[in-house]
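Q:
Residue numbers (the numbering used here), protein chains in the order written: chain A, 0 to 97; chain B, 34 to 428.
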């Protein structure tokens with residue numbers, strides 16, 4: 000079970016109170032996690048990655064296991080601790096402003 | 034007894050203000066979509082319970098919301114409750130939030146560049162929906178004016194959107210450039226006497242018209258003079274802030290340009306300036322009295338460098354001649370130390386017997402006049418900065 004923590008506004012949009020737990024088939028990557036997330040919560044399509052290009056939106060970041068994965072390949076395997084459900088994948092809004 | 038519903042979009046959510054026809058005591062509901070920018074929300078003329086809202090965020094992009102009960106509850110029309118969340122092919126739904134420029138060979142146009150602030154070529158990029166204009170006759174049809182400037186239409190209640198690509202692609206697109214707020218299509222006027230005629234305005238490109246339902250478009254900027262562009266009378270490049278029409282005379286349009294207030298009597302073929310005795314002819318909003326087609330309202334703003342009312346006095350100026358003669362309306366409005374702005378989509382009129390006029394400010398006040406502007410009172414004083422104001426008359 001993959002754990003995903005969403006930012007406040009996206010939790011509201013998807014009517015989620017807590018972290019999300021997802022079944023992900025195959026290799027656990029950012030792309031496969033987002034595919035599973037958007038399949039369960041289609042209202043999130045376009046809010047994390049662009050509808051057409053699939054690229055991460057500029058003001059969002061991906062963190063896990065105290066590492067910034069924002070600039071890793073979407074198809075790179077996520078850390079084992081995320082794949083095993085020990086640690087969550089954090090999706091959060093980049094700070095822009097003070 | 035009839036009443037009114039005022040729809041207010043702000044930097045931090047939407048608010049719905051309701052009152053009976055006296056328009057004295059108001060109920061305030063909201064914030065809806067708290068924390069999100071609501072550039073615009075508007076009701077369908079064909080079904081007052083059908084509302085559309087543009088919810089957006091620099092972080093999370095564009096969301097389209099729809100209400101079928103006058104704003105009590107909302108849904109994203111691409112993901113209606115109770116229906117499968119995926120298509121038969123297994124693809125997630127959420128097409129209501131998807132605005133993709135049409136570059137198909139059959140219906141679309143190549144995605145050219147437009148000018149950036151420094152005049153260099155810049156690729157077209159979708160950012161947000163500025164304005165939603167529901168059809169005059171069909172609750173499921175609605176137009177969306179977007180940034181970077183283009184016009185989209187949905188004919189399924191906002192579930193899916195298709196670009197009317199001939200506007201962006203008619204030829205002058207590479208000369209369009211952004212205004213200070215971005216390169217936005219902010220005004221959509223539907224001609225009640227001719228379903229094939231639509232007017233739009235883009236900052237900073239100008240006004241455009243189609244007479245064939247969007248298949249072809251042409252600039253309608255003759256008569257405009259903009260001293261801040263290399264050729265002040267160029268075909269495009271003008272920073273039009275807002276256009277208004279009275280439904281009984283769709284060939285007469287009134288324009289608040291970056292500088293100058295203008296009118297046309299021939300559907301935009303030629304404009305003439307009617308700034309007259311205004312203390313400044315810079316401003317954003319312009320609107321027309323519901324029952325007097327020659328009575329128009331503007332809110333002068335000191336300049337494009339300062340963006341607040343002259344002398345710290347918030348004044349609405351009313352012309353009863355559709356022209357150069359105006360009176361300042363100040364009763365009930367702050368006449369000292371007022372430094373708010375009134376943005377382009379933040380004025381509306383109702384059609385009750387005594388025409389109501391409404392406007393919102395960047396200071397979070399929404400002012401209402403139940404007597405065509407003779408006197409004003411705030412409905413609310415402390416909302417987030419107001420981006421848009423619309424009003425519906427309810428049965």
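Glycine is no exception: its CB is placed at the ideal position from the N, C-alpha and C atoms. In this text, all values refer to a predicted model and were calculated from it rather than measured experimentally.
1. Reducing DSSP to helix, strand and coil, say where residue 290 (chain B) ends up.
2. Between B:213, B:154, B:159, which lies nearest to residue 135 (chain B) when the distance is taken from Cα to Cα?
3. Beta carbons nearer than 9 Å to chain A: which residues of the segment 48 to 77 of chain B have them?
4. Do residue 50 (chain B) and residue 334 (chain B) count as a contact pair if the criterion is CB distance below 7 Å?
5. Give me the residue from B:367, B:157, B:385 with the minimum Cα distance to residue 323 (chain B).
6. Could you name the residues of chain B that residue 51 (chain A) contacts, counting a contact when the two beta carbons are closer than 7 Å?
7. Kindly indicate if chain A contains any beta-carbon less than 7 Å away from that of residue 243 (chain B).
8. Which same chain residues end up closer than 6 Å to residue 425 (chain B) when comparing Cβ atoms and leaving out the 5 residues on each side of it in sequence?
9. Which of the three DSSP states is assigned to residue 343 (chain B) in this structure?
10. Helix or strand or just coil, what does DSSP make of residue 62 (chain B)?
11. For the structure I just gave you, are there three or more beta carbon pairs, one from the segment 224 to 235 of chain B and one from the segment 384 to 401 of chain B, closer than 8 Å?
12. Name the DSSP bridge partner or partners of residue 508 (chain B)?
13. With a threshold of 7 Å between beta-carbons, can residue 234 (chain B) be considered close to chain A, or not?
14. As a quick exercise: from A:17, A:38, A:92, A:84, pick the residue whose alpha carbon is nearest that of residue 57 (chain A).
15. Cα separation between residue 222 (chain B) and residue 86 (chain B)?
16. Taking DSSP as the reference, what is the three-state secondary structure of residue 303 (chain B)?
17. At 3 residues or longer, what runs of the beta strand (DSSP E) sit wholly inside the segment 14 to 92 of chain A?
18. Give the C-beta separation of residue 318 (chain B) and residue 377 (chain B) to the nearest angstrom, bearing in mind that I take them to be a contact with Cβ-Cβ under 8 Å.
19. Within the continuous beta strand (DSSP E) that includes residue 161 (chain B), where are the two ends?
20. At a CB distance below 7 Å, what residues from the segment 30 to 58 of chain A approach chain B? Give them in sequence order.
21. Would you check if the distance between the CB atom of residue 313 (chain B) and the CB atom of residue 265 (chain B) is smaller than 7 Å?
22. Which value, in whole angstroms, describes the spacing of the CA atoms of residue 201 (chain B) and residue 260 (chain B)?
23. Tell me, to the nearest whole angstrom, how far the beta carbon of residue 405 (chain B) is from that of residue 422 (chain B); I am working on the premise that it is less than 8 Å.
24. Rounded to the nearest angstrom, how far is the Cβ of residue 199 (chain B) from that of residue 131 (chain B), given a contact under 8 Å?
25. Return the chain-ordered list of same chain residues with a C-beta closer than 6 Å to the C-beta of residue 64 (chain A), the five sequence neighbours on each side being excluded.
26. With DSSP run on the structure shown, which of helix, strand or coil describes residue 11 (chain A)?
27. Hey, could you find the ends of the beta strand (DSSP E) residue 242 (chain B) is sitting in?
28. Over what stretch of residues does the beta strand (DSSP E) that includes residue 74 (chain B) continue unbroken?
29. Please classify residue 82 (chain B): does DSSP put it in a helix, a strand, or coil?
30. Would you identify the three-state DSSP class for residue 207 (chain B), choosing helix, strand or coil?
31. Only counting the same chain, and skipping five residues up and downstream in sequence, which positions put a Cβ closer than 8 Å to that of residue 209 (chain B)?
A: Let me spell this out:
1. strand
2. B:159
3. 66, 67, 68, 69
4. no
5. B:385
6. Ordered by position in chain B, the residues that pass the 7 Å Cβ test against residue 51 (chain A) are 133.
7. So no, residue 243 (chain B) is outside the interface.
8. 38, 76, 81
9. helix
10. strand
11. no
12. Residue 508 (chain B) lies beyond the residue range present for chain B, which begins at 34 and ends at 428; the question has no answer from this structure.
13. no
14. A:92
15. 17 Å
16. coil
17. 19 to 21, 59 to 63, 88 to 92
18. Correct: roughly 6 Å between the Cβ atoms.
19. 161 to 167
20. Hits within the stretch, in order: 37, 38, 41, 42, 44, 45, 46, 50, 51, 56, 58.
21. no
22. Here the alpha carbons of residue 260 (chain B) and residue 201 (chain B) stand approximately 25 Å from one another.
23. The Cβ separation is near 16 Å, so there is no contact.
24. Not quite, the Cβ-Cβ distance comes to about 20 Å (not below 8 Å), so this is no contact.
25. Excluding positions up to five away in sequence, the list reads 78, 80, 86.
26. helix
27. 239 to 243
28. Unbroken beta strand (DSSP E) run through residue 74 (chain B): 70 to 77.
29. strand
30. helix
31. 147, 148, 182, 216, 235, 237, 238, 269, 270
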